[in-house]
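Peer 1: So the sequence shown is residues 1282 to 1577, counted in the numbering used here. Cβ coordinates follow ideal geometry from the N, Cα and C atoms, glycine included.
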Amino acid sequence: MPEEVSELSSPVVVTTIAELRERIREAKQAGQKIGCVPTMGALHVGHTSLVDQARQECEFVVATIFVNPTQFAPGEDYEKYPRPLKADVQKCADHGVDLVFAPSTEEMYPKPGITFVEVEELATRLEGVHRPSHFRGVTTVVAKLFNIVQPDFAYFGLKDYQQQLILRRMCDDLDFPVTIQSCPTVRDEDGLALSSRNQYLSSEERQTALAISRGIFAATDRLRSGKEDVAQVQQELHASLESEKGLALDYAVIADAHTLESITQVQAEMVILVAARVGSTRLIDNLPVSLSSLES
Ligand code: PAF
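1. Per DSSP, what are the beta-bridge partners of alanine 1424 in this structure?
2. Assign arginine 1306 to one of two classes, buried (16 or more other C-beta atoms within 10 Å of its C-beta) or exposed (fewer than that).
3. Nearer than 7 angstroms: is that true of the beta carbon of glutamine 1513 relative to any heavy atom of the ligand PAF?
4. Could you check the C-alpha separation between glutamine 1462 and isoleucine 1544 for me, to the nearest Å?
5. Distance check for leucine 1518 and glycine 1438, CA to CA, integer angstroms please.
6. Measuring from the CB of asparagine 1349, is there a heavy atom of the ligand PAF at a distance below 7 angstroms?
7. Evaluate the contact criterion for the stretch 1468-1478 versus the stretch 1504-1522: three or more CB pairs, one atom per stretch, below 8 angstroms.
8. Work out the CA separation of glutamine 1443 and leucine 1407 for me, nearest whole Å.
9. Rounding to the nearest angstrom, what Cα-Cα distance links glutamate 1525 and leucine 1541 in this structure?
10. Thinking just about the alpha-carbon of each residue, which of Gln1431, Pro1393 and Ala1500 is nearest to the one in methionine 1551?
11. Would you identify the three-state DSSP class for leucine 1482, choosing helix, strand or coil?
12. Enumerate, from N- to C-terminal direction, the unbroken alpha helix (DSSP H) stretches of 4 or more residues contained entirely within the stretch 1298-1337.
13. Should proline 1458 be counted as a contact of the ligand PAF given a C-beta to heavy atom distance under 7 angstroms?
14. Determine which residues share a DSSP beta bridge with isoleucine 1493 and list them.
15. Pull up the distance between the alpha-carbon of glutamate 1523 and that of phenylalanine 1382, whole angstroms please.
16. Considering only heavy atoms of the ligand PAF, does any lie closer than 7 angstroms to the CB of threonine 1540?
17. Taking only the alpha-carbon atoms, compute the straight-line gap between isoleucine 1497 and arginine 1505 and give it to the nearest angstrom.
18. Examine the ligand PAF and report whether any of its heavy atoms sits within less than 7 angstroms of the Cβ of valine 1343.
19. Write down the C-beta distance between isoleucine 1346 and leucine 1331 rounded to the nearest angstrom, noting that I regard them as a contact closer than 8 angstroms.
20. Suppose you measure from the CA of valine 1555 to the CA of isoleucine 1315; what does that come to, to the nearest Å?
21. Compute the distance between the beta-carbons of glycine 1418 and threonine 1351, then report whether it is under 8 angstroms.
22. Could you check the C-alpha separation between isoleucine 1565 and leucine 1491 for me, to the nearest Å?
23. Leaving out five residues before and five after glycine 1312 in sequence, what residues of the same chain have Cβ atoms less than 7 angstroms from its Cβ?
24. I need the DSSP call for arginine 1412, collapsed to helix, strand or coil.
25. What does the alpha-carbon distance come out to for the pair glutamine 1546 and serine 1521?
26. Between which two residues does the alpha helix (DSSP H) carrying tyrosine 1442 extend?
27. Please classify glutamine 1310 as buried or exposed, where buried requires at least 16 other C-beta atoms within 10 Å of its C-beta.
28. If you drop the 5 nearest sequence neighbours on each side, which residues of the same chain put their C-beta closer than 6 angstroms to that of histidine 1328?
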């Protein structure tokens, strides 16, 4: 562990599975409920909002910080992904994290893994089309983290909507005794969804990126009227993003909120999902649209 990180008084930072297990054993023996916030670091308010929710619901909060190589394809941003560990630990301290688990790649993968966790169907849509090996890396590392931390609750952002759906399904199918809590996306005042990758954007690119949330909000308003032709709303969202200079659209879809299958008619639980590249930065955003909650 870098010296400047080990010098910080709180929270405790551990880098080995053995140390982590020892701390968890003590917390469990003390009857404490364990909340886990898995992250890849470069923490922002989206992450700390997850920690805040965990802090409210659990007596012992663990944040994991690990840039997981197996969820990046060759040519993606694994090498350049930001790793400001000292600042991350400080943010964890500020938000009352009890334990930070920041393992090395060798600690997590001492030998190349030949065992994987794969959620079919859900993981082959949308992000799965554009990043075919991504979710296998995510589910495998999160399964490993759940086995290591053994949390009662785990906290994920709705910003990665497909990811949290897949992780819920993994827990259901494989009987992980973990309750997944999906927490609201945090946005900057201008609407841009917070992401560790936003720091790659130049100010001009950032202006271009705003078209994504603008388009999603406009589509949401139309769906909320309950009378719109979904295919038409989707087509217009798609066209508006396709015509945005400097933005290369991967997808703009309105889907069933549970299965992520495309829909053409309004229904109670929908989600609008967009992925696009602005310059060399790939951004995703989404907004669940619930007409049932409007009625209640
Ligand atoms: O959402 C993320 O930051 C990562 O995909 C996760 C869940 C920490 C797994 O590496």
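Peer 2: To lay it out plainly:
1. Answer is none; alanine 1424 lacks a bridge partner.
2. exposed
3. It does not: the Cβ of glutamine 1513 is nowhere closer than 7 angstroms to a heavy atom of the ligand PAF.
4. 26 angstroms
5. 23 angstroms
6. yes
7. With fewer than three CB-CB distances shorter than 8 angstroms, the stretch 1468-1478 does not count as touching the stretch 1504-1522.
8. Going by the C-alpha atoms only, they are around 8 angstroms apart.
9. 25 angstroms
10. Ala1500
11. coil
12. Listed in chain order, the complete alpha helix (DSSP H) runs (minimum 4 residues) inside the stretch 1298-1337 are 1298-1310.
13. no
14. According to DSSP, isoleucine 1493 bridges with nothing at all.
15. 41 angstroms
16. no
17. Rounded to whole angstroms, the separation of the alpha carbons of arginine 1505 and isoleucine 1497 is 12 angstroms.
18. no
19. In this structure isoleucine 1346 is not in contact with leucine 1331, their Cβ atoms being roughly 13 angstroms apart against a cut-off of 8 angstroms.
20. 33 angstroms
21. yes
22. Their Cα atoms are separated by approximately 12 angstroms.
23. Around glycine 1312: no qualifying Cβ.
24. coil
25. If I take the Cα positions, the gap works out to 20 angstroms.
26. That run of the alpha helix (DSSP H) goes 1442-1455.
27. With a threshold of 16 other beta carbon atoms within 10 Å, glutamine 1310 falls short and is exposed.
28. Thr1320
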